[in-house]
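Enquirer: Sharing a structure below in structure tokens format, with a few things to ask.
Written as structure tokens, this is what we have:
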């Protein structure tokens with residue numbers, strides 16, 4: 035874990051409300067881990083790492099609140115304070131076929147796992163204009179499928195419906211997923227029914243990232259320390 039001020043090298047428009055910020059940072063990170071990002075004068079917020087190269091890392095940010103909207107106003111050359119990485123990431127060591135699912139901005143959290151494994155993948159969102167990181171995922175995934183709730187692109191339906199369709203024609207040993215909690219709930223239920231292992235990345239508001247403040251506790255589990263990936 036390290037803390038430093040980084041320079042934004044590049045800003046990429048992913049969708050009408052989502053941007054990727056690339057910065058030079060040589061800290062070692064694993065797929066599924068997150069960092070705490072301090073936006074000067076605003077707040078410090080947790081963000082999943084959407085890219086974990088040796089030299090450069092990235093976060094992919096949807097503008098939904100004061101802090102994320104402030105992030106969207108930054109440009110290449112501006113600076114951020116980053117600390118981390120934190121949390122347990124995805125376990126990619128187990129053998130067998132994996133299916134990786136990203137729902138909405140949760141796609142950012144699974145991108146490093148897609149890049150590391152080349153596994154089959156689903157990117158799902160409400161509409162075509164909400165799909166993010168599909169070009170990048172397509173470079174790595176052997177079989178990338180898109181699902182939209184309104185049918186404006188790819189499979190007409192949600193991620194879990196498409197997962198069930200794919201699992202009916204191919205055996206999967208484990209599903210890795212991040213997205214809205216309702217998606218994760220039904221992913222878990224489907225995996226139980228189909229007897230497929232699963233690793234789910236949960237998103238919670240966090241202040242410390244180190245398991246101290248208790249902001250992210252679910253039952254007896256601290257999402258920042260015991261997660262964010264749970265199996």
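Residue numbers (our numbering): 35 to 265.
Beta carbons: idealized from backbone N, C-alpha and C, even for Gly.
Tell me which residue opens and which closes the beta strand (DSSP E) that residue 204 is part of.
Expert: Where residue 204 is concerned, there is no enclosing beta strand (DSSP E), given that its DSSP letter is neither H nor E.
Enquirer: Is the beta carbon of residue 235 less than 9 angstroms from the beta carbon of residue 57?
Expert: In this structure, residue 57 does not lie closer than 9 angstroms to residue 235 by Cβ.
Enquirer: If you draw a straight line from the C-alpha of residue 76 to the C-alpha of residue 130, how long is it?
Expert: If you take the alpha carbons of residue 76 and residue 130, they lie about 44 angstroms apart.
Enquirer: Could you give the distance in angstroms between the alpha-carbon of residue 88 and the alpha-carbon of residue 63?
Expert: Roughly 9 angstroms separates the two Cα atoms.
Enquirer: Contact criterion: CB-CB distance below 9 angstroms. Does residue 212 meet it with respect to chain D?
Expert: Included in the structure is just one protein chain, with no chain D present.
Enquirer: So the candidates are 67, 50, 132 and 98; which of them puts its Cα closest to the Cα of residue 230?
Expert: If we check each option's Cα against that of residue 230, 132 comes out closest.
Enquirer: Any contact of the region 162-176 with the region 108-115, i.e. 3+ C-beta pairs under 8 angstroms?
Expert: Contact fails: fewer than three Cβ-Cβ distances are below 8 angstroms.
Enquirer: By Cβ distance, which residues of its chain are closer than 8 angstroms to residue 41, with the 5 residues on each side in sequence left out?
Expert: 57, 58, 111, 112 and 113.
Enquirer: If you reduce the DSSP assignment to three classes, tell me which class residue 98 lands in.
Expert: Coil at residue 98, not helix or strand.
Enquirer: So, residue 121 versus residue 195, is the Cβ gap smaller than 9 angstroms?
Expert: Contact flag unset, no.
Enquirer: Please indicate yes or no: does the CB of residue 204 lie closer than 8 angstroms to some heavy atom of the ligand MG?
Expert: Only the bare structure without any ligand can be found here, which leaves the ligand MG out of the picture.
Enquirer: Relative to the C-alpha of residue 155, which residue among 214, 86, 71 and 193 is closest?
Expert: Closest by alpha carbon: 193.
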